[in-house]
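The next block holds one structure in the form of structure tokens; read it before the comments.
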Amino acid sequence: MTNWYGLTPGDTIYNDQLRAIFQCSPQGGMRRSLKKNALVLISNHVESTYDDRWINDVLHYTGMGMKDDQSLEFMQNKTLNESKTNGVDLFLFEVYKEKQYTYRGRVELAQTPYQEEQLDENKNVRKVWIFPLRLIGEDRYYHPAEIVVQEAKAVHERKAKRMSMDDLKQRAKHARKTSSRREGTVTTYDRDPYVTEYAKRRANGKCQLCEQPAPFKNKKNEPYLETHHVQWLARGGEDSIENTVALCPNCHKKMHVLDLPTDVAKLTSKAREEILHEAG
């Protein structure tokens, strides 16, 4: 693994250490260091408003600006956008546990930045810039432990549970439609927890295939249903409210074993009907 500033991919440090090493600001997700001619990029998977996701070996990283539409000419968005020609070194850290920064290594722009819609800190829809980043050299071989990734995901699952139906709908509606996909011994698809929770609530305790009540309740006294992507993620289906339904365990297993065209058609129609109904 590459060693820069005494750091090896997988090392976990705290904010004061990060600031001392790079001589940069102690806050923010994009921290410019003029003394080191570096830009420190922090992808916070626990607290951030932004929706950063790994798609195979590329991190789709949200630009700078907490409110309103983001601009490519704004501060460190400009630095990152011009990083192939301005000589600035890019260093990536990820946060999977509060206040702990895991060093991933040096990165570069893998593709041209693009725009998408996300919610800002005031829950308003706005356009953000997404920077596709790829780890450089040997740094790309390090991957965080699966349990660490899942613990960070569980934080968002708990947040989704606490949301009002209106806030959850807004968050799920504007979720990124491409699921997070990480390669390993087995390809793992990380579903958006807000889309998942919204699909379950929208079903109102009934399986959307057999149309029967959930067979039992979980330990929190909630109807037990499982989410299913009508067009499977492995086949290129979207991780969106338009492609996600809630099924009883039996019907969910049936869909993964048989995937009958008649059932697919019914669930596709059911999901679309729900969207049209909600639209008024």
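Residue numbers for the sequence shown follow this note's numbering, so the first one is 1 and each next one is one higher. For each residue, glycine too, the CB sits at the ideal point set by N, CA and C. As the structure is a computational prediction, the values presented were derived from the model and not from experiment.
Roughly how many angstroms lie between the CA atoms of residue i and residue j, to the nearest whole one?
i, j, result
"Arg176", "Glu116", "8 Å"
"Lys355", "Tyr96", "No statement about residue 355 is possible, as the shown extent of the chain runs from 1 to 280 and does not include it."
"Gln231", "Lys270", "13 Å"
"Lys253", "Glu146", "25 Å"
"His156", "Arg140", "26 Å"
"Glu238", "Tyr198", "15 Å"
"Pro144", "Ile241", "29 Å"
"Ala265", "Pro26", "52 Å"
"Leu135", "His256", "35 Å"
"Asp259", "Ser43", "37 Å"
"Pro193", "Cys207", "19 Å"
"Asn221", "Tyr50", "32 Å"
"Arg272", "Asn218", "28 Å"
"Met163", "Asn86", "43 Å"
"Gly29", "Pro213", "45 Å"
"Ile275", "Lys127", "23 Å"
"Lys67", "Ala110", "26 Å"
"Thr8", "Leu92", "12 Å"
"Ser48", "Ala20", "23 Å"
"Ser71", "Arg31", "17 Å"
"Arg201", "Gly10", "38 Å"
"Glu226", "Cys24", "45 Å"
"Asn3", "Phe22", "14 Å"
"Asn37", "Val195", "40 Å"
"Leu247", "Ser83", "46 Å"
"Lys161", "Glu73", "37 Å"
"Gly137", "Lys173", "37 Å"
"Tyr5", "Asn81", "24 Å"
Please state the DSSP three-state secondary structure of residue i.
i, result
"Arg134", "strand"
"Thr85", "helix"
"Asp259", "coil"
"Leu220", "A quick correction: the sequence has Lys, not Leu, at residue 220. Coil."
"Pro215", "coil"
"Glu226", "strand"
"Thr178", "coil"
"Leu283", "Residue 283 is absent from the structure shown; the chain starts at 1 and stops at 280."
"Asp190", "strand"
"Leu72", "coil"
Identify which residue in the options has its Cα closest to the Cα of residue i.
i, options, result
"Ser33", "Asp11, Gln76 and Gly65", "Gln76"
"Trp129", "Gly137, Leu119, Glu138 and Asn250", "Leu119"
"Arg104", "Ala20, Glu94 and Val195", "Glu94"
"Ala234", "Ile55, Tyr61 and Ala172", "Ile55"
"Thr262", "Ala246, Val245 and Leu209", "Leu209"
"Arg171", "Gly65, Asn124 and Thr12", "Asn124"
"Lys35", "Thr227, Asp89 and Glu138", "Asp89"
"Thr12", "Arg53, Ile21 and Tyr101", "Tyr101"
"Leu122", "Gly65, Thr178 and Glu82", "It is worth fixing the name first, because residue 122 is Asn in this sequence and not Leu. Nearest C-alpha to Asn122: Gly65."
"Thr112", "Glu138, Asp69, Thr268 and His60", "His60"
"Phe131", "Asp190, His45, Arg158 and Tyr114", "Tyr114"
"Val46", "Arg158, Asn204 and Tyr5", "Arg158"
"Val245", "Ala203, Tyr5, Phe216 and Asp16", "Ala203"
Rounded to whole angstroms, how far is the Cβ of residue i from the Cβ of residue j, which I believe are closer than 8 Å?
i, j, result
"Val107", "Leu41", "7 Å"
"Tyr224", "Lys99", "Contact doesn't hold; Cβ gap of about 35 Å is too wide."
"Asn243", "His229", "5 Å"
"Leu39", "Thr79", "5 Å"
"Tyr168", "Val58", "Before going on, a small fix: residue 168 reads as Leu here, not Tyr. Wrong, their Cβ atoms sit about 28 Å apart, outside the cutoff."
"Asp52", "Thr62", "6 Å"
Checking contacts by CB at 8 Å: is residue i closer than that to chain B?
i, result
"Asp89", "In the displayed structure, chain B is absent; only one protein chain is listed."
Considering only heavy atoms of the ligand ATP, does any lie closer than 7 Å to the CB of residue i?
i, result
"Lys97", "No copy of the ligand ATP occurs in the structure displayed, which carries no ligand at all."
Handout entry: beta strand (DSSP E) segments (min. 3 residues) lying fully within the region 7-66
Key = Correct list: 30-33, 38-44, 53-55 and 58-62.
Handout entry: Complete beta strand (DSSP E) runs within the region 89-154 (minimum length 3 residues, chain order)
Key = 89-97, 100-109, 114-119 and 125-135
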